[in-house]
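Below is one structure, written out as C-alpha cells, with a few remarks after it.
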Amino acid sequence: MVLRLGLTKMAILTERRIENMKRIILSCLSLLMLFSMLTPWKTSAKSKSKLNKTSITMYTGTKVKLKNDAKCSALAEQKYGNFSECENGLFLCIGTGVGGAVIYNGKVLEAKEVPGFEFSHMIIQKNGLQCNCGKRGCFEIYASLKRFKEKIAYEFNLTTLRNEEIIKIILNNKDDVRLKYFLNEYIENLAIGISNLINIFEPEKILIGGGFTDYKEILLEPLKQQLLTGNLLFNKRNDIIIQLAKFKNDAGIIGATLI
Ligand SMILES: [Zn+2]
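Adding 110 to a residue's 1-based position in the sequence shown gives its number in my numbering.
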C-alpha cells in the first residue's frame, strides 16, 4: 500500500526521508487494515483493492496508489539499483513470506485483473504443509525466512526470532547435525522454487530482497551452488547471477515512489 509522494529522484531520498516515508506507509497500512475491517468484504482481490483505495482517499483526501511490495522493489532496483542494466530479471522478496516480480523485456510484468506472479503460492510439494492461502504445499511454506527461523528457534530453545540471535546460533553451531539438516532442507526447497522460475523465465539475473539479505553470508552461496549442481535446471548453466537487492529491505519503499 503506497501513497505517491511526488519524489522523483533517488538523489533527494536521504536516509531521514526514507524513515519518514516508512512511517507514512506504515500509518497508511494501519488505515488500510482498519478500513478493511469496517467495510463489507468483497470476494475478489480487485474489488478489495478498489474499495480500500476509495475508502482511504475519501477519508484522507489523499490520492492513493497500490502496488505489491515485490513489484515496487523490482521497480526501484530497475531504476536505481542492481537491475539497471538488466532486461530480463527475477526479483524475490524473501522474509515473512516470498514475494516476487518479473522484469521481462524491460518491463515489470503484471496480470490484467489482479497483480499476478504470486510465486509464493506455486505448489512444490503435493499434499504438503498447510499454507495461509488455503492450499497445501506452497513454495512460501517451505521457503519463507520466517519458517526457517522458527525451526531454528524451536530446536535451540530461543524465545526470539531476531536475526542477530538466529545468526549467532547458526555461526556457533556449524557442526550441529540438526542445524545442518535445517540449512540443507531450506536451501533445497528454496532452490526447487527458484529453479522452477528460472526454467520459465530464464532471467539474466536474480535479485533477492527482504530479511534474507541479513543472511547473505550463510545462505546465498549455498543457494547458488544448489541451483547450479542440483539437477534442477532445464537449460544447464555454468554460472548464475544471483545477488542481493541494492536497497535490501528498503527496495519496496523506494519503488513505491515510482508507481
Ligand atoms: Zn499458499
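We put the beta carbon where it would ideally sit given N, CA and C, even for glycine.
{"Query": "Out of 309, 321, 357, 190, point me to the one whose CA is closest to residue 257's CA.", "Result": "321"}
{"Query": "Considering only residues of the same chain and omitting the five flanking positions on each side of residue 309, which have a CB-CB separation below 7 Å?", "Result": "343, 344"}
{"Query": "Just to confirm the assignment, what range does the alpha helix (DSSP H) spanning residue 180 have?", "Result": "179–190"}
{"Query": "Does DSSP put residue 211 in a helix, a strand or coil?", "Result": "strand"}
{"Query": "With hydrogens ignored, establish whether the beta-carbon of residue 203 is closer than 7 Å to any heavy atom of ligand 1.", "Result": "no"}
{"Query": "Following a CB-centred definition, is residue 256 positioned closer than 7 Å to any heavy atom of ligand 1?", "Result": "no"}
{"Query": "Roughly how many angstroms separate the alpha carbons of residue 333 and residue 367, rounded to a whole number?", "Result": "31 Å"}
{"Query": "Per DSSP, residue 218 forms a beta bridge with which residues?", "Result": "213"}
{"Query": "Need the endpoints of the alpha helix (DSSP H) that residue 315 sits in, please.", "Result": "Counting along the chain, residue 315 falls outside any alpha helix (DSSP H), though it belongs to the beta strand (DSSP E) covering 315–319."}
{"Query": "Please give me, in chain order, every unbroken run of the beta strand (DSSP E) with length at least 3 that falls completely inside the stretch 327–367.", "Result": "352–354"}
{"Query": "Comparing alpha-carbon positions, which option in 341, 203, 265, 246 lies nearest residue 187?", "Result": "203"}
{"Query": "Locate the beta strand (DSSP E) running through residue 201, then write down its first and last residues.", "Result": "199–204"}
{"Query": "Count the other C-beta atoms from every protein chain shown that fall within 10 angstroms of the C-beta of residue 181, then say buried if there are 16 or more, exposed otherwise.", "Result": "buried"}
{"Query": "Around the Cβ of residue 173, are there at least 16 other Cβ atoms within 10 angstroms (buried) or fewer (exposed)?", "Result": "exposed"}
{"Query": "Apart from the five residues just before and just after residue 235, which ones in its own chain have a Cβ nearer than 6 Å to its Cβ?", "Result": "247"}
{"Query": "Does the stretch 163–171 touch the stretch 278–286, meaning 3 or more C-beta pairs lie closer than 8 Å?", "Result": "no"}
{"Query": "What is the rounded straight-line gap between the Cα of residue 213 and the Cα of residue 243?", "Result": "25 Å"}
{"Query": "My assumption, with CB atoms under 8 Å, is that residue 230 sits in contact with residue 207. Please give the rounded CB distance.", "Result": "5 Å"}
{"Query": "Just verifying my parser: in three-state terms, what is the DSSP assignment at residue 123?", "Result": "Since pLDDT at residue 123 reaches only 44, below the 50 mark, its modelled position is unreliable, and no value is offered."}
{"Query": "Give me, in chain order, the residues of the same chain whose beta-carbon lies closer than 6 Å to that of residue 205; leave out the 5 immediate sequence neighbours on both sides.", "Result": "255, 320, 321"}
{"Query": "Could you have a look at residue 276 and say whether DSSP puts it in helix, strand or coil?", "Result": "helix"}
{"Query": "Mind checking whether residue 371 and residue 351 have CB atoms under 8 Å apart?", "Result": "The chain is shown only over 111 to 369; residue 371 falls outside these bounds and no answer can be derived."}
{"Query": "What separation, rounded to the nearest whole angstrom, lies between the Cα atoms of residue 198 and residue 217?", "Result": "8 Å"}
{"Query": "Express the C-alpha separation of residue 262 and residue 349 in angstroms, rounding to a whole number.", "Result": "31 Å"}
{"Query": "Restricting to Cα atoms, I'd like to know which of 318, 297, 164 is closest to residue 336.", "Result": "297"}
{"Query": "Report the CB separation of residue 232 from residue 306 in whole angstroms; it is logged as a contact under 8 Å.", "Result": "7 Å"}
{"Query": "Apart from the five residues on each side of it in sequence, which residues of its chain come closer than 6 Å, Cβ to Cβ, to residue 299?", "Result": "252, 253"}
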